[in-house]
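Trainee:
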Amino acid sequence: EIVTNHGTMVAHLHANDAPATVNNFVNLARYHYYDGLVFHRIIREFMIQGGCPEGSGRGGPGFRFADELPAAGRYQVGSLAMANAGPNTNGSQFFIVSGAHGVQLPPQYSLFGKLISGEDVLQEIQSVPTGGQDRPKDPVVIESITITES
Numbered sequence: 005e006i007v008t009n010h011g012t013m014v015a016h017l018h019a020n021d022a023p024a025t026v027n028n029f030v031n032l033a034r035y036h037y038y039d040g041l042v043f044h045r046i047i048r049e050f051m052i053q054g055g056c057p058e059g060s061g062r063g064g065p066g067f068r069f070a071d072e073l074p075a076a077g078r079y080q081v082g083s084l085a086m087a088n089a090g091p092n093t094n095g096s097q098f099f100i101v102s103g104a105h106g107v108q109l110p111p112q113y114s115l116f117g118k119l120i121s122g123e124d125v126l127q128e129i130q131s132v133p134t135g136g137q138d139r140p141k142d143p144v145v146i147e148s149i150t151i152t153e154s
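Residue 5 is where the sequence shown starts when you use my numbering, and the numbers rise one by one after that.
Next up, the structure:
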């Protein structure tokens, strides 16, 4: 459950397809790493990106881990994937695909989940006015991420 200042989104994490990525995300969430961080980059019809401790898009948790890449054509609106700075540079930053441009991404980002509710919140967030470097003019805050095992 991803609670933001715009509402709540719920995702199912794909532990079988991306076990290291899901484990990383779950551990960071359980240690409240994401609480209070912002979605620092929002591009309409593409994605919303967060998880940078600096809010700049340059920060991370102090470690990197290997990619778990999907087959081509697997990204959908609502997909959760790791942002990266090239091969095997995953850390804490992730994005949620919000439109057709994101669906068309090449399989270069570890796909680890999919929204199962809160698509309305995703659409509201992607509509927030942005300025330079696609930064929201008003902060879009991740208030908390709660992991529930099923």
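Every residue, glycine too, gets a C-beta built ideally from N, C-alpha and C.
List the residues that DSSP assigns as beta-bridge partners of residue 121.
Mentor: Answer by DSSP bridge pairing, in chain order: 14.
Trainee: Can you tell me whether DSSP reads residue 108 as helix, strand or coil?
Mentor: Here residue 108 sits in coil by DSSP.
Trainee: Which whole-angstrom value is the C-beta distance of residue 79 and residue 109, which I expect to be below 8 Å?
Mentor: Indeed, because the Cβ distance is near 5 Å, the residues count as touching under 8 Å.
Trainee: With 16 other CB atoms within 10 Å as the buried threshold, where does residue 35 fall?
Mentor: Classification of residue 35: exposed, given that the 10 Å Cβ count is below 16.
Trainee: Please give me, in chain order, every unbroken run of the alpha helix (DSSP H) with length at least 4 that falls completely inside the stretch 65-117.
Mentor: Complete alpha helix (DSSP H) runs here, min 4: 104-107.
Trainee: Could you tell me which of 104, 143, 86 and 106 sits nearest to residue 98, measuring between CA atoms?
Mentor: Of the candidates 104, 143, 86 and 106, the one whose C-alpha sits nearest the C-alpha of residue 98 is 86.
Trainee: Please list the terminal residues of the continuous beta strand (DSSP E) segment that includes residue 26.
Mentor: Looking at the DSSP string, residue 26 is not in any beta strand (DSSP E); the run it does join, the alpha helix (DSSP H), is 23-34.
Trainee: Taking the straight line between their C-alpha atoms, what separation do you get for residue 134 and residue 123?
Mentor: In a straight line, the C-alpha of residue 134 is about 20 Å away from that of residue 123.
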